[in-house]
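S.K.: Residue numbers (this note's numbering): 96 to 608.
Ideal Cβ placement from N, Cα and C applies to all residues, glycine included.
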């Protein structure tokens, strides 16, 4: 049943696929072509050595051909300058071959040419303070100052704290001037420094594994805080281009729902909805952190919120088959800023032991798999035809799923059904409102017509009564004015034919006083 379900939705990921392809037992990474950090570095070193040997063979062949051509033109043995030229070329290649080793070892051996700086031990002197002039000139921002003070406070109780600080500060100051270096080269320098410092802490300083890990965590925090602007999304990389591509891809997939991914999460439950919101917030918060360890902590918190949401929805422990689709859904809803840059930053500059083992490494590997799945997502993965997928991606159509879905997707069907019911209700309310407004406009027109009709009837009635009476009243008034007598009171009732038997009106009488 599980195999059929995972085959149908196309999101199943076997746990063995998260491990290194060489079978060393550590977690792999897509950025390392499925290898762990250790195997990737070994493989990379072998490729570089092979490339160096190929370059040497090519250089020797070209030099030999040049000498033969020169000898054939002049009929003389190759001149001494040509030999010297080849000697210089050989010396230069030798220096390039050993440059990586010298770059790392020079931080652990005192230099004869460069005398130690006067303020190298100043941060650990009782008379010095973090706000001294040298510290103010060295720090480029408040965050750098804060990280430096915390690092110094951490190293003060340690026996070899002064040496560790001097080595870390020298390395960060040298890296700050290597902005033109490629991202992979910068990563290699940092990882080599981590490895050499860790080995030295374990051998020379006789530190336990937990003790060394604690020191390396603080070393990473100090160095990456100071180098963040130089090594995060460097100009020599294509991280920004990848960020825009994945952001555009996620926006185009805005129509993907819980039902399509078969995510066993019921967002109608308040606790589940709260966990989903917290997971989205954590994955967005990754970009606000500077230290790789803090970015990994955000990913771990997000993953734990996802497991909590699945547990509450299913009322049982979540499985790996449930976690990955839910993580994909969270990433699609969040669309985190600079997602690829943050993944590459953690991959390049995080302490490699943290990515190879532990829950941080496990959750980070799942996040890389989720991003890779989103980049390659197609219709088959969502149980859609290629034609439907293309229509949804182009925006020419939108999915409209029925209320009842497959048994494997019942967790998301209830929420989707409720959404469709509410949309239908809103559509019905809108239609009813339109009908009410239409009837109101009709009633307003009827009232206007009725008012006009009543007014016309009133005017017609008034006109019918006033027209015959006007000449009589005028004649009576003219007669009265001609004779000088007051108008007769009978004039008022002169046209009252129906009431002829009424008594005469009262006449005013004069009483003698």
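Tell me whether the region 340-358 and the region 471-483 touch, counting them as touching only if at least three CB pairs, one residue from each stretch, are closer than 8 Å.
M.R.: yes
S.K.: Taking 7 Å as the limit between beta carbons, can you name the residues of its chain near residue 455, skipping five residues before and five after?
M.R.: If you number the chain shown from 1, residue 455 lands on position 360. 391, 395, 449, listed in sequence order.
S.K.: Considering only residues of the same chain and omitting the five flanking positions on each side of residue 270, which have a CB-CB separation below 6 Å?
M.R.: The count along the chain shown starts at 1 and reaches residue 270 at position 175. Correct list, in chain order: 322.
S.K.: Thinking C-alpha only, which one of 332, 457, 533, 310 is nearest residue 253?
M.R.: Walking along the chain shown from the start, residue 253 turns up at place 158. The shortest C-alpha separation from residue 253 is found at 310.
S.K.: Specify the secondary structure class of residue 505 as computed by DSSP and reduced to three states.
M.R.: As a first step, residue 505 is located in the chain shown; it is residue number 410 there, counting from the start. Residue confidence for residue 505 is low, a pLDDT of 43 falling below 50, so the modelled location carries little weight; the figure read from the coordinates is stated next. It is helical.
S.K.: May I have the straight-line CA-CA distance separating residue 335 from residue 327, to the nearest angstrom?
M.R.: Locating residue 335 in the chain shown gives position 240, where the first residue counts as 1. Locating residue 327 in the chain shown gives position 232, where the first residue counts as 1. When the Cα atoms are used, residue 335 and residue 327 turn out to be separated by approximately 10 Å.
S.K.: Out of curiosity, what's the CA-to-CA distance linking residue 434 and residue 473?
M.R.: Translated into positions along the chain shown, residue 434 becomes position 339. Translated into positions along the chain shown, residue 473 becomes position 378. Per the coordinates, the alpha-carbon of residue 434 lies some 21 Å from the alpha-carbon of residue 473.
S.K.: Consult DSSP for residue 290 and reduce its assignment to one of helix, strand or coil.
M.R.: One-based indexing of the chain shown puts residue 290 at position 195. Here residue 290 carries a helix assignment [DSSP, helix/strand/coil].
S.K.: Taking the CB atoms as reference points, tell me whether residue 421 and residue 367 lie closer together than 8 Å.
M.R.: Indexing the chain shown from 1 puts residue 421 at position 326. Indexing the chain shown from 1 puts residue 367 at position 272. Not in contact: residue 421 and residue 367 (Cβ atoms no closer than 8 Å).
S.K.: Please list the terminal residues of the continuous alpha helix (DSSP H) segment that includes residue 489.
M.R.: Sequence index remark: in the chain shown, residue 489 carries index 394 (1-based). Unbroken alpha helix (DSSP H) run through residue 489: 481-489.
S.K.: Which residues does DSSP list as the beta-bridge partners of residue 122?
M.R.: Here residue 122 refers to the residue found at position 27 of the chain shown. BP columns for residue 122 point to 114.
S.K.: Rounding to the nearest angstrom, what Cα-Cα distance links residue 246 and residue 461 in this structure?
M.R.: Working through the chain shown from its first residue, we reach residue 246 at position 151. Working through the chain shown from its first residue, we reach residue 461 at position 366. If you take the alpha carbons of residue 246 and residue 461, they lie about 32 Å apart.
S.K.: Roughly how many angstroms separate the alpha carbons of residue 250 and residue 244, rounded to a whole number?
M.R.: In the chain shown, the residue the question calls residue 250 occupies position 155. In the chain shown, the residue the question calls residue 244 occupies position 149. In a straight line, the C-alpha of residue 250 is about 10 Å away from that of residue 244.
S.K.: According to DSSP, is residue 520 part of a helix, a strand, or is it coil?
M.R.: Reading the chain shown from its first residue, position 425 is the one you call residue 520. It is helical.
S.K.: Compare the beta carbon distance of residue 379 and residue 347 with 8 Å and say whether it is the shorter of the two.
M.R.: Stepping through the chain shown from its first residue, residue 379 is reached at position 284. Stepping through the chain shown from its first residue, residue 347 is reached at position 252. Taking 8 Å as the Cβ cut-off, residue 379 and residue 347 do not qualify as a contacting pair.
S.K.: Helix, strand or coil for residue 419 per DSSP?
M.R.: The residue given as residue 419 occupies position 324 in the chain shown. Helix, per DSSP.
S.K.: Can you look up residue 472 in the DSSP assignment and give me helix, strand or coil?
M.R.: On the chain shown, residue 472 is found 377 positions in, with the first residue counted as 1. Of the three classes helix, strand and coil, the one that applies to residue 472 here is coil, per DSSP.
S.K.: Could you give the distance in angstroms between the alpha-carbon of residue 533 and the alpha-carbon of residue 525?
M.R.: As a first step, residue 533 must be located in the chain shown, where it is residue number 438. As a first step, residue 525 must be located in the chain shown, where it is residue number 430. Those two C-alpha atoms are separated by around 12 Å.
S.K.: Verify whether the separation of the beta carbon atoms of residue 387 and residue 440 is less than 8 Å.
M.R.: Reading the chain shown from its first residue, position 292 is the one you call residue 387. Reading the chain shown from its first residue, position 345 is the one you call residue 440. Cβ atoms of residue 387 and residue 440: closer than 8 Å.
S.K.: Would you tell me roughly how many angstroms separate the C-alpha atoms of residue 490 and residue 134, rounded to the nearest one?
M.R.: Along the chain shown, one-based indexing puts residue 490 at 395. Along the chain shown, one-based indexing puts residue 134 at 39. Residue 490 and residue 134: Cα-Cα distance of roughly 44 Å.
S.K.: Measure the C-alpha to C-alpha separation of residue 94 and residue 275 and round it to an integer number of angstroms.
M.R.: As shown, the chain starts at 96 and ends at 608. That puts residue 94 outside it, with no answer to give.
S.K.: Excluding the five sequence neighbours on either side, which residues of its own chain have a C-beta within less than 7 Å of the C-beta of residue 239, listed in chain order?
M.R.: Taking the chain shown and counting its residues from 1, one reaches residue 239 at position 144. For residue 239, the CB contacts under 7 Å within the same chain, skipping 5 residues up- and downstream, are 320, 321 in chain order.
S.K.: Hey, quick one: how far does the alpha helix (DSSP H) through residue 378 stretch, first residue to last?
M.R.: Residue mapping note: residue 378 aligns to position 283 of the chain shown, counting from 1. Taken as a continuous stretch (DSSP letters only), the alpha helix (DSSP H) holding residue 378 covers 365-380.
S.K.: Rounded to the nearest angstrom, what separates residue 292 and residue 376 at their Cα positions?
M.R.: Start at 1 with the first residue of the chain shown, and residue 292 comes out as number 197. Start at 1 with the first residue of the chain shown, and residue 376 comes out as number 281. Rounded to the nearest angstrom, the two C-alpha atoms are 35 Å apart.
S.K.: Give me the Cβ distance between residue 427 and residue 401, rounded to the nearest whole Å; I'm assuming they're in contact under 8 Å.
M.R.: As a first step, residue 427 is located in the chain shown; it is residue number 332 there, counting from the start. As a first step, residue 401 is located in the chain shown; it is residue number 306 there, counting from the start. At roughly 13 Å, the Cβ-Cβ gap does not stay under 8 Å, so residue 427 and residue 401 are not in contact.
S.K.: Could you compute how far the alpha carbon of residue 457 sits from the alpha carbon of residue 122?
M.R.: Position 362 of the chain shown, counted from the start, is the residue given in the question as residue 457. Position 27 of the chain shown, counted from the start, is the residue given in the question as residue 122. Computed Cα separation, rounded: 7 Å.
S.K.: To the nearest angstrom, report how far apart residue 59 and residue 318 are at their CA atoms.
M.R.: Because the chain is modelled from 96 through 608, residue 59 falls outside the range shown and cannot be assessed.
S.K.: Output yes or no for whether 8 Å exceeds the beta carbon distance between residue 382 and residue 437.
M.R.: As a working note, residue 382 is residue 287 in the chain shown. As a working note, residue 437 is residue 342 in the chain shown. Yes, the pair counts as a contact, with Cβ atoms nearer than the cut-off.
S.K.: Quick check: what's the CA-CA separation for residue 513 versus residue 405?
M.R.: Stepping through the chain shown from its first residue, residue 513 is reached at position 418. Stepping through the chain shown from its first residue, residue 405 is reached at position 310. Spanning the two alpha carbons is a distance of roughly 20 Å.
S.K.: Could you tell me whether the Cβ atoms of residue 444 and residue 282 are closer together than 8 Å?
M.R.: Here residue 444 corresponds to residue number 349 of the chain shown, with the count starting at 1. Here residue 282 corresponds to residue number 187 of the chain shown, with the count starting at 1. Against a cut-off of 8 Å, the Cβ pair of residue 282 and residue 444 comes out as a contact.
S.K.: What does the alpha-carbon distance come out to for the pair residue 272 and residue 342?
M.R.: Position 177 of the chain shown holds residue 272. Position 247 of the chain shown holds residue 342. Rounded to the nearest angstrom, the two C-alpha atoms are 31 Å apart.
S.K.: Tell me the rounded alpha-carbon separation between residue 160 and residue 153.
M.R.: Here residue 160 refers to the residue found at position 65 of the chain shown. Here residue 153 refers to the residue found at position 58 of the chain shown. Answer to the nearest angstrom: the Cα atoms are 11 Å apart.
S.K.: At what residues does the alpha helix (DSSP H) containing residue 309 begin and finish?
M.R.: Stepping through the chain shown from its first residue, residue 309 is reached at position 214. Residue 309 -> alpha helix (DSSP H) spans 304-326.
S.K.: Candidates 545, 295, 349, 459: which alpha carbon is nearest residue 397's?
M.R.: For the purposes of this step, residue 397 is taken as the residue at position 302 of the chain shown. Of the listed residues, the one whose Cα sits closest to residue 397 is 459.
S.K.: Who are the near neighbours of residue 492 in its chain, counting only those whose CB is closer than 8 Å to its CB and skipping five residues on each side?
M.R.: Taking the first residue of the chain shown as 1, we reach residue 492 at position 397. Once the five neighbours on either side are set aside, the close Cβ partners of residue 492 are 483, 486.
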